[in-house]
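Colleague: Sharing a structure below in structure tokens format, with a few things to ask.
Number of protein chains: 2
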Amino acid sequence: MDTIDPQIPEETAGEPAAGRRTRGVAGAAGRRAARSGGGPGLSQPFIMRKLGVYEVLDEEGLQLIERNADKILEEIGIEFRDDAEALRLWKDAGADVRGERVHFPVGLCRELLKTAPEVFTQHARNPARSVQIGGKATVFAPVYGPPFVRDLEGVRRYATIEDFRNFVKLTYMAPSLHHSGGTVCEPVDVPVNKRHLDMVYSHMKYSDKPFMGSVTAPERAEDTIEMCKILFGAEFVDQNCVTLNLINANSPMVFDETMLGALKVYARNNQACVVSPFILAGAMSPVTVAGTLTQILAEVLAGASFTQLIRPGAPVLFGTFAASISMQSGAPTFGTPEPSLVSYGAAQLARRLKIPFRTGGSLCGSKVPDAQAAHESAATLNMTLLAGTNFALHSAGWLEGGLVSSYEKFMIDVDQLGMQQRFAEGVDLSETGQALDAIAEVGPGSHYLGCAHTQANFQTAFYRSSLADNNSYEQWLAEGEKRIEDRARVLCQSWLDSYQGPELDPAIDEALLAYIASRKDSMPDAFT
Amino acid sequence: MDTIDPQIPEETAGEPAAGRRTRGVAGAAGRRAARSGGGPGLSQPFIMRKLGVYEVLDEEGLQLIERNADKILEEIGIEFRDDAEALRLWKDAGADVRGERVHFPVGLCRELLKTAPEVFTQHARNPARSVQIGGKATVFAPVYGPPFVRDLEGVRRYATIEDFRNFVKLTYMAPSLHHSGGTVCEPVDVPVNKRHLDMVYSHMKYSDKPFMGSVTAPERAEDTIEMCKILFGAEFVDQNCVTLNLINANSPMVFDETMLGALKVYARNNQACVVSPFILAGAMSPVTVAGTLTQILAEVLAGASFTQLIRPGAPVLFGTFAASISMQSGAPTFGTPEPSLVSYGAAQLARRLKIPFRTGGSLCGSKVPDAQAAHESAATLNMTLLAGTNFALHSAGWLEGGLVSSYEKFMIDVDQLGMQQRFAEGVDLSETGQALDAIAEVGPGSHYLGCAHTQANFQTAFYRSSLADNNSYEQWLAEGEKRIEDRARVLCQSWLDSYQGPELDPAIDEALLAYIASRKDSMPDAFT
Numbered sequence: 001m002d003t004i005d006p007q008i009p010e011e012t013a014g015e016p017a018a019g020r021r022t023r024g025v026a027g028a029a030g031r032r033a034a035r036s037g038g039g040p041g042l043s044q045p046f047i048m049r050k051l052g053v054y055e056v057l058d059e060e061g062l063q064l065i066e067r068n069a070d071k072i073l074e075e076i077g078i079e080f081r082d083d084a085e086a087l088r089l090w091k092d093a094g095a096d097v098r099g100e101r102v103h104f105p106v107g108l109c110r111e112l113l114k115t116a117p118e119v120f121t122q123h124a125r126n127p128a129r130s131v132q133i134g135g136k137a138t139v140f141a142p143v144y145g146p147p148f149v150r151d152l153e154g155v156r157r158y159a160t161i162e163d164f165r166n167f168v169k170l171t172y173m174a175p176s177l178h179h180s181g182g183t184v185c186e187p188v189d190v191p192v193n194k195r196h197l198d199m200v201y202s203h204m205k206y207s208d209k210p211f212m213g214s215v216t217a218p219e220r221a222e223d224t225i226e227m228c229k230i231l232f233g234a235e236f237v238d239q240n241c242v243t244l245n246l247i248n249a250n251s252p253m254v255f256d257e258t259m260l261g262a263l264k265v266y267a268r269n270n271q272a273c274v275v276s277p278f279i280l281a282g283a284m285s286p287v288t289v290a291g292t293l294t295q296i297l298a299e300v301l302a303g304a305s306f307t308q309l310i311r312p313g314a315p316v317l318f319g320t321f322a323a324s325i326s327m328q329s330g331a332p333t334f335g336t337p338e339p340s341l342v343s344y345g346a347a348q349l350a351r352r353l354k355i356p357f358r359t360g361g362s363l364c365g366s367k368v369p370d371a372q373a374a375h376e377s378a379a380t381l382n383m384t385l386l387a388g389t390n391f392a393l394h395s396a397g398w399l400e401g402g403l404v405s406s407y408e409k410f411m412i413d414v415d416q417l418g419m420q421q422r423f424a425e426g427v428d429l430s431e432t433g434q435a436l437d438a439i440a441e442v443g444p445g446s447h448y449l450g451c452a453h454t455q456a457n458f459q460t461a462f463y464r465s466s467l468a469d470n471n472s473y474e475q476w477l478a479e480g481e482k483r484i485e486d487r488a489r490v491l492c493q494s495w496l497d498s499y500q501g502p503e504l505d506p507a508i509d510e511a512l513l514a515y516i517a518s519r520k521d522s523m524p525d526a527f528t
Numbered sequence: 001m002d003t004i005d006p007q008i009p010e011e012t013a014g015e016p017a018a019g020r021r022t023r024g025v026a027g028a029a030g031r032r033a034a035r036s037g038g039g040p041g042l043s044q045p046f047i048m049r050k051l052g053v054y055e056v057l058d059e060e061g062l063q064l065i066e067r068n069a070d071k072i073l074e075e076i077g078i079e080f081r082d083d084a085e086a087l088r089l090w091k092d093a094g095a096d097v098r099g100e101r102v103h104f105p106v107g108l109c110r111e112l113l114k115t116a117p118e119v120f121t122q123h124a125r126n127p128a129r130s131v132q133i134g135g136k137a138t139v140f141a142p143v144y145g146p147p148f149v150r151d152l153e154g155v156r157r158y159a160t161i162e163d164f165r166n167f168v169k170l171t172y173m174a175p176s177l178h179h180s181g182g183t184v185c186e187p188v189d190v191p192v193n194k195r196h197l198d199m200v201y202s203h204m205k206y207s208d209k210p211f212m213g214s215v216t217a218p219e220r221a222e223d224t225i226e227m228c229k230i231l232f233g234a235e236f237v238d239q240n241c242v243t244l245n246l247i248n249a250n251s252p253m254v255f256d257e258t259m260l261g262a263l264k265v266y267a268r269n270n271q272a273c274v275v276s277p278f279i280l281a282g283a284m285s286p287v288t289v290a291g292t293l294t295q296i297l298a299e300v301l302a303g304a305s306f307t308q309l310i311r312p313g314a315p316v317l318f319g320t321f322a323a324s325i326s327m328q329s330g331a332p333t334f335g336t337p338e339p340s341l342v343s344y345g346a347a348q349l350a351r352r353l354k355i356p357f358r359t360g361g362s363l364c365g366s367k368v369p370d371a372q373a374a375h376e377s378a379a380t381l382n383m384t385l386l387a388g389t390n391f392a393l394h395s396a397g398w399l400e401g402g403l404v405s406s407y408e409k410f411m412i413d414v415d416q417l418g419m420q421q422r423f424a425e426g427v428d429l430s431e432t433g434q435a436l437d438a439i440a441e442v443g444p445g446s447h448y449l450g451c452a453h454t455q456a457n458f459q460t461a462f463y464r465s466s467l468a469d470n471n472s473y474e475q476w477l478a479e480g481e482k483r484i485e486d487r488a489r490v491l492c493q494s495w496l497d498s499y500q501g502p503e504l505d506p507a508i509d510e511a512l513l514a515y516i517a518s519r520k521d522s523m524p525d526a527f528t
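As structure tokens, then:
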């Protein structure tokens, strides 16, 4: 268990990351780099919240849900499908295994979870970008999973590996995204059995932020580990977390072979698993908040504690993906009150388990980055920070229920993430913050625009949005009545045009490319 | 000091209010109506928060700001301009008055404020719509003040009295707006010295929700009181709050003749004043959160305690309008982190003063209801509820920094207010909420769509947005790729088309119209 002391040089807080990289540090290979301190001129690599959390359940409510979850674990049980090893491990650990259904004696999962770290570091190849997972830290990562993009021409189409690289580059440049994420979009132009190699390589090559591994098959998880060993060194990987990996439960109450296979690879290699019930309430869980929370807790207890059966001490997160379905159409809905209540409650349950928590992001169901998209995203994102979320996937670019990675929405979200980061710094109560000298200088009936305190502090006083238009109506008219997505498109293109990647040791780069080539040669292309 | 027990019949929670009015109750005159209980079939008239508040300052920080505010009050002082009566009252109360500058001995304002109620009722002519101001109650009111509208043809133009009536009607029909507000737009087609009569009448005639009075001149405040006496009866008005009135401080540290004149009329008549520093931080206050909070507290202490010099026991609110200015262009900005921190902190200061608190709403700087408008509004609105705000002006329809009342944005905001109201209900921990029977019935690997618990509860399970599109992409395409503002426009027109007003006793209506006619006849038209 270790923590990081974030560095926040004010003067660079508003600049894209590309302008701030320190070539010397970024160019060093992972092994060495990951041990040294942060470099100069780097913005805060993650949020350390100075404010408290918001909670929606009292002690009595929390205990009720915990008791009910224990009842589910013991009486109903959780299925571990098509995985004889998992069943054997659970039997050996003292669970009552009937077929593929595992029934857990009260307290077994909690006891196992005691070996999981409350806080840990996920290392980036640039150590200044390593992130703390857990405690008061909040880490924002981009959207995960969409097969489509809405591109800079406004066309909705299948995503490609070029889109994938673009989102990695944009994430690298965005100061408010602390993590490169994983499947920022699904590059469907690359064979399905090979694309994980290109995806992992893109995160390693085009960014120096921490990233996620492949979970779609155990051998793809193994490939991720092998590539991490090339980048960071085998011994470093075995002793440190260098990938975070999304392990979804098949709610209700099932873990399948694929996810268990990936989980086992990562846990065995001391890498972090985010055990996440993927909940569309009303379909995968009851239509109530408390019922959904109970099921989520049971599923996480089973899945997260399983990582400790594989390797005690392996980092694991309490994950929650919460949405509802429309009871009229069956469509998923986002940013509504009930999933917010679920996530706030789940954060509380995670803190009591003393493992880091993942939820939220900038979720929405809208097809375009309009006010619906923004309201739904804002409702999710405000909750994400106030709940005390440690790792927030889908924080930028998510559109259309996660079917689409949107360039425009990505830029709009990144701006909002910056506001969350500023908010989390709380209230400055220093003498400068108190500003009594300014109030005395200005006095009744005057204004503060020119006073000494304003002159000295206005540069860093207020968060400066990169996209909001606050000009006069007349000026806005003269500039063509642009909407925020129009401005986002222009800014996005300018970021992509000005992208300069972090250096990567040519020997490591070569070794990675050789590994990928050899792995690709070993398999025929598969597209389904 | 009294409170109201809100009634929430589930079956009507999603319907516009017009379908739910009870003619008998609504038709009764104010005097009688204001004393009886709520009628059947009425939705909750305001929010009673079952969840806690979010706070950004600790005890030490609060005391620091309070000490600094006391220092401002004593050493710098607050100006009460062009009002000899105010200066005399302050002198008699023990303040040190030098010219128009009033210096307050430490503790004087707090001592005076002890006679102000912590919680009170603002009565509506339909008692089922009376609202609690203070405590755990949150009351949403529409936008206040814009001279322009963005109409249903998408045209931005000066507002008219017809627009005014439309917004009163829409507010009447919106279940999540608990209050009719005040200047929902500025009807510039009516002479400036007469329009307050038409505005107050519109609130009385086209709605039966509580409303705000005119504050633009003392005689217009007197007209408001006279019209209230016709509607509610003179004795009832003297003993109860029937109007809420917006008294802005001229920050920094000035109260002017106009606002003091209106304040005195309302306080003398036992009506509520919302003493609100109108702050664009960086111009009217220091560029820091703590400095802004300090000045706000000083201004509110001076202005709010002044109401108690006029009439001890008169209801008064701690108001805060917080925005920042762009230090580059000087333009106001909304929905950014710093004003949120200011408002959260101000709510805490208000609770310590034991008077109700007003802030927030759905503020934005955008010219159109796009994602900028939504993000800025959401940031403001989420804070509004979580801060524990008691009265939230500008909750629906605010666009372009308050220059425009937007029909489309109004409908989008109303939908979001409904979500806030649902969120504030918190987590149902009843047996139905726990849903253990559902989890047992469904079991691992199945789904909840058809289970008995879902069938019994799905109707009320999730907040149902009136505007979000969650259909498939293909269906959305087929329906013409509509954005949320397109759907809002259609819904708005259908509300206006189906509006049915609450009945108003014809004798009262006639008396109101006669009063208005006589007052209008007594003055020449003025347009500036």
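Residue numbers (UniProt numbering), protein chains in the order written: chain F, 1 to 528; chain H, 1 to 528.
All C-beta atoms, glycine included, are put in the ideal place defined by N, C-alpha and C.
A quick note: this is a predicted structure, and the numbers were derived from the prediction, not measured.
1) Give the range of the alpha helix (DSSP H) segment to which residue 337(F) is assigned.
2) Between residue 214(F) and residue 199(F), is the Cβ-Cβ spacing less than 9 Å?
3) Kindly indicate which residue of 420(H), 57(H), 164(H) and 52(H) has the alpha-carbon position closest to the one of residue 344(H).
4) For the beta strand (DSSP E) holding residue 277(F), just list the boundary residues, first then last.
5) For residue 341(H) and chain F, any beta-carbon pair shorter than 9 Å?
6) Buried or exposed for residue 140(F), please, with buried defined as at least 16 other CB atoms from any protein chain shown within 10 angstroms of its CB.
7) Does DSSP put residue 293(H) in a helix, in a strand, or in coil?
8) How about residue 374(H) and residue 375(F): do their beta carbons lie closer than 9 Å?
9) Terminal residues of the continuous beta strand (DSSP E) containing residue 78(H)?
10) Below 8 Å, can you find three or more Cβ-Cβ pairs linking the segment 308-316 of chain H to the segment 438-449 of chain F?
11) Could you confirm whether any beta carbon from chain H is found closer than 9 Å to the beta carbon of residue 463(F)?
12) Does any C-beta atom of chain H lie closer than 9 Å to the C-beta of residue 96(F)?
13) Can you pull the DSSP bridge partners for residue 325(H)?
14) Contact criterion: CB-CB distance below 9 Å. Does residue 253(H) meet it with respect to chain F?
15) Less than 8 Å between the CB atoms is what I'm expecting for residue 366(H) and residue 415(H), so what's the real figure, rounded?
16) Going along the segment 187-198 of chain F in order, which residues come within less than 9 Å of chain H, judged by CB to CB distance?
17) Is the CB of residue 70(H) under 9 Å away from at least one CB in chain F?
18) Is the shortest distance between the beta-carbon of residue 211(F) and the beta-carbons of chain H less than 9 Å?
19) With DSSP run on the structure shown, which of helix, strand or coil describes residue 137(F)?
20) What distance in whole Å lies between the Cβ atoms of residue 53(F) and residue 386(F), which are believed to be in contact at a cut-off of 8 Å?
21) Using the rule of at least 16 other Cβ atoms within 10 Å of the residue's Cβ for burial, across every protein chain shown, is residue 209(H) buried or exposed?
22) If the criterion is Cβ atoms closer than 9 Å, does the pair residue 353(F) and residue 293(F) meet it?
23) Restricting to Cα atoms, I'd like to know which of 115(F), 187(F) and 205(F) is closest to residue 404(F).
24) Against chain H, with Cβ distances strictly below 9 Å, would residue 476(F) count as a contact?
25) Can you find a CB in chain H that lies within less than 9 Å of the CB of residue 104(F)?
26) Can you tell me whether DSSP reads residue 242(F) as helix, strand or coil?
27) For residue 515(H), which of helix, strand or coil comes out of DSSP?
28) Tell me whether residue 145(H) sits in a helix, a strand or coil according to DSSP, three-state version.
29) First and last residue of the alpha helix (DSSP H) that includes residue 89(F)?
30) What separation, rounded to the nearest whole angstrom, lies between the Cα atoms of residue 193(H) and residue 167(F)?
31) When you compare the CB of residue 155(F) with every CB in chain H, is at least one pair closer than 9 Å?
32) Could you tell me whether the Cβ of residue 457(H) comes closer than 9 Å to any Cβ of chain F?
33) Assess, as a yes-or-no matter, whether the segment 56-74 of chain H is touched by the segment 417-436 of chain F under the definition of 3 or more beta carbon pairs within less than 8 Å.
Modeller: Concretely, from the data shown:
1) The continuous alpha helix (DSSP H) containing residue 337(F) extends over residues 337-353.
2) Taking C-beta atoms as the reference points, residue 214(F) and residue 199(F) count as a pair closer than 9 Å.
3) It is 57(H) whose Cα lies nearest to the Cα of residue 344(H).
4) Run containing residue 277(F): 272-281, per the beta strand (DSSP E) assignment.
5) Yes, because at least one Cβ of chain F sits closer than 9 Å to the Cβ of residue 341(H).
6) Buried, by the Cβ-count rule.
7) When DSSP states are grouped into helix, strand and coil, residue 293(H) belongs to the helix group.
8) Contact: yes.
9) Element bounds for residue 78(H): 78-80.
10) Contact fails: fewer than three Cβ-Cβ distances are below 8 Å.
11) With its beta carbon less than 9 Å from one in chain H, residue 463(F) belongs to the interface.
12) No, no contact with chain H.
13) Under DSSP, residue 325(H) forms a beta bridge with 332(H).
14) Among the CB atoms of chain F, one or more fall inside 9 Å of the CB of residue 253(H).
15) Contact annotation, residue 366(H) with residue 415(H): C-beta distance approximately 17 Å; criterion of less than 8 Å not satisfied.
16) Interface annotation for the segment 187-198 of chain F against chain H: empty, criterion Cβ-Cβ distance under 9 Å.
17) Chain F contact via Cβ: absent.
18) Answer no: the Cβ-Cβ gap between residue 211(F) and chain H never drops below 9 Å.
19) It is a strand residue.
20) About 7 Å separates the two Cβ atoms, so the contact holds.
21) Only buried fits residue 209(H), as 16 or more other CB atoms lie within 10 angstroms of its CB.
22) With a cutoff of 9 Å on beta-carbon distance, residue 353(F) and residue 293(F) are scored as not near each other.
23) Looking at the Cα atoms, 187(F) is the closest of the given residues.
24) With its beta carbon less than 9 Å from one in chain H, residue 476(F) belongs to the interface.
25) Not one chain H Cβ lies under 9 Å of residue 104(F).
26) Correct three-state label for residue 242(F): coil.
27) Reduced to three states, the DSSP call for residue 515(H) is helix.
28) When DSSP states are grouped into helix, strand and coil, residue 145(H) belongs to the coil group.
29) Judged by DSSP secondary structure, residue 89(F) falls within the alpha helix (DSSP H) whose first and last residues are 84-93.
30) Taking the CA atoms as reference points, residue 193(H) sits about 58 Å from residue 167(F).
31) By the rule that beta-carbons nearer than 9 Å mark a contact, residue 155(F) does not touch chain H.
32) At least one C-beta of chain F is nearer than 9 Å to the C-beta of residue 457(H).
33) Enough Cβ pairs lie closer than 8 Å, so yes.
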